[in-house]
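Residue numbers (the working numbering): -15 to 793.
Every residue gets a Cβ at the ideal spot worked out from N, C-alpha and C, and that includes glycine.
For reference, the structure discussed in these notes is given below.
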RNA sequence: GCAGAUGUGGCGGAAUGGCAGACGCGCUAGAUUCAGGUUCUAGUGAGGUAACACUCGUGUGGGUUCAACUCCCAUCAUCUGCACCA
């Protein structure tokens, strides 16, 4: 029996045994626990130590749940479609299917180094036709339910690459690849009506145990606001302009109106004198990218020459065009109240438009406003019959009042837009639609799914704005499933998010060829109890997954409507900039990548797992330090030696040792439960030092050692399993249950407390836990006798079991 | 601009309002060693002292409290998210 720690022997031995004899088995009686990692995109670059962190956290949590007696769902898979894979393929001249398979094999090998308790029988790959059959099936269902529709709309367009770009591919208004300025182009797009779920996506955030930050980001993204649409007649024209406002209480202060340049009436409102300027402004705006429009700090605009009539007081207000009004939000037109809105104020100042104050904070009008007063606090002035009313109250009531008066209606608006779902790319799921000249867009029948992604010679973007699939006539030309006449396949593909929006469902029934997931299995194993991954998907992936789940709930595939009960976002592990020493993302170009493979070779999997946790609070970013891992390695070696020495000693159990193991169990369990994983490790170190000290004397008994070994097993599984065996434990340590502690055993009878004078500690005294106040104070004063000499004691404080403080002058 | 997070030794970090700096890295000294490494022992916030004592100390400035890293107000810096959503 080796007495010094040899990570290679131990880890090799147990990796082999676990594979032959798995611990996590469904006996049909255990309750399930589903702990999920955000599945990786199989990049050609492989993993670095930063990628390990989330996987280690989820594995620790999984093994803890396993020891608590749950049957674990802890799967892994591959998000292998999408742009990165395609770009990698183009760059290296290898077909995406080949490079993806290679990368998956490589990353799988690397992930296995973690020794996480993954169930590889459940593995999914989004590029597998047996998988994307169901990705397409969901699309068909959405199409049948009117949630997938076609629309021609302006998208980002790179005139140099001659291709449409996703928002993510536009960096600072420029094409990510060629850095030329991105413009807009109308393209026919498939859209998903995620807005139909806006209210539920917002309301159900309440029932999720997610970081507040993520919930807030989703809330803001959905952006629900309450207000009113108000109709303004155009003076001298048979037209009405409807504006959306959240502040109908300020209607009397509306001194002008602004329309988005894309508004349907924009050019119609121009008069002979303004026509040229108006047309130029509309044209210029159309040439600007969204990014440009957002970055313009200085307001621009043009007067149309027309006026709108304020329905409340009949005032004539000039109608302007400006690109600070967004065409696709609200009605694309706003009423402007410069006195009470910052943007309207800036616009009024720039173009010298009148400012009428209608809310007075203190009841008085400000003679020369220098900035807008945007709060709904104060009383109404200059507002006809509304004068003297409270603004806040009026703000609530105004929408209904306006509706009753017939000037408009009460409305709700969302920032959330429908989801642009088509990509003019090769490496994605073909959208399962056939365009028939007679029947229009027809879904591919379920028994003909999947629509296989055909092989092509050239998978690079075509430059025509169509996907490379459009060039394959034999594939494109087909017959209409409805009428049998010649028809054409849809050639756009789905975005990367399509496959990742539902993969967590497939894991529980990954090989089913009859259904997306068997209903019985879904009921038994779903939803996900704990989801662990980076915060970068706070809105996109996590919002899309919630949307998909709600839809699948609505059509009866699953009977829950939220996919992830609890979410944990781990922090990033950064490298150091070689020159400045500042924390930076690990990246190839900075040359600060640390390979986990090297670390596992030199220190072992267990040491690296421990260091990934010890490095800092799991939810915060941390900086990798190569020397830091030495500390946890030394700890593991000392721990191993300590246990081994005591195996031979076989010391008797003492009250002190029993107490110590209850305390340790309490410390580790409470810290683990609160996800303070860095202090779990430091707790182990602290207790190990105590045990090493005790080993010098009588030694530590086997029961105490077994408790410590069970506690450490989720963190350092090989060491845990090995020492469990050495201590004569039965079966696997992971089947041994999680240790419990007795509340009575974790408190001490005699405790040491500080004694202070004026809040500064001057001595410590030993007291019995329930010692009377007077006795403790007397003891405290005795301990300070020399220091209290010549001082007047004003007050004596004893907080039971905590502290004595003598206030003296 | 708005919102959120963070700010503690040379470094990573720890502290239900109750002994600031646990635990670890690094460093110093000693032991072991032919030597280096490993390992072990002791020390390690700053000032101060022969050693104690004592003084200062958790981004900055105020406040509450017997007592503040912790609570309140203001302010600065860094990071992240959103960014004309009417």
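Counting only the Cα atoms, residue 452 lies some 7 Å from residue 442. Excluding its 5 nearest sequence neighbours in each direction, residue 651 has C-beta neighbours in its own chain below 7 Å: 667, listed in chain order. Excluding the 5 residues flanking it on each side, residue 184 has same chain C-beta neighbours closer than 7 Å at 534, in chain order. By the Cβ-count criterion, residue 249 is buried, with 16 or more other Cβ atoms from all chains shown falling within 10 Å of its own Cβ. Proximity to residue 218 across 554, 354, 476 and 299 peaks at 299, based on C-alpha coordinates. Within the model, the alpha-carbon separation for residue 361 versus residue 287 is close to 32 Å. CA-to-CA, the gap between residue 403 and residue 176 works out to about 5 Å. Residue 340 and residue 188 have their C-alpha atoms roughly 41 Å apart.
Around the beta-carbon of residue 539, fewer than 16 other beta-carbon atoms lie within 10 Å, marking it exposed. In the structure shown, the three-state DSSP call for residue 584 is helix.
Across the structure, residue 67 and residue 170 are spaced so that their CA atoms are roughly 22 Å apart. For the pair residue -7 and residue 19, the CB atoms are not nearer than the 8 Å cut-off. Under the three-state reduction of DSSP, residue 127 is assigned to helix. Where residue 225 is concerned, the enclosing beta strand (DSSP E) starts and stops at 224 to 229.
Taking each of 496, 200 and 79 in turn and checking the Cα distance to residue 105, the smallest one comes out for 496.
58 is the residue among 26, -11 and 58 whose C-alpha sits nearest the C-alpha of residue 516. Of all alpha-carbon atoms in 558, 350 and 54, the one lying nearest the alpha-carbon of residue 10 is that of 54. Here residue 246 has 311 as same chain residues with Cβ atoms under 6 Å from its own Cβ, once five neighbours each way along the sequence are excluded. Relative to residue 30, the option among 318, 320, 571 and 257 whose CA is nearest is 571.
Setting aside the 5 residues that flank it on each side, residue 437 is surrounded in the same chain by 414, each with a C-beta closer than 6 Å to its C-beta; the list follows chain order.
Considering only 457, 428, 424 and 431, the residue with the shortest C-alpha distance to residue 439 is 457. Fewer than three Cβ pairs drawn from the region 729 to 746 and the region 693 to 713 lie within less than 8 Å of each other, which leaves the two stretches out of contact. Here residue 51 carries a helix assignment [DSSP, helix/strand/coil]. Secondary structure note for residue 304: its beta strand (DSSP E) is the uninterrupted segment 300 to 305. Straight-line spacing of the CA atoms in residue 688 and residue 717 works out to 14 Å. Counting only runs of 3+ residues, no beta strand (DSSP E) is found wholly inside the region 588 to 658.
Within its own chain, the residues whose Cβ lies closer than 6 Å to the Cβ of residue 69, once the five positions on either side in sequence are excluded, are 80, 84 and 411, listed in chain order. Per DSSP, the continuous beta strand (DSSP E) segment holding residue 736 begins and ends at 734 to 741. Residue 740 and residue 788 have their C-alpha atoms roughly 6 Å apart. DSSP places residue 172 in the uninterrupted beta strand (DSSP E) bounded by 167 to 176. With a 10 Å radius around the Cβ and a threshold of 16 neighbouring Cβ atoms, residue 125 comes out buried. Between residue 713 and residue 680, the gap from beta carbon to beta carbon reaches 8 Å or more.
Of the residues 87, 51 and 77, the one whose Cα lies closest to the Cα of residue 62 is 87.
For residue 494, DSSP assigns no beta-bridge partner whatsoever. Beta-bridge analysis with DSSP links residue 209 to 397. Taking each of 479, 694, 579 and 493 in turn and checking the Cα distance to residue 65, the smallest one comes out for 479.
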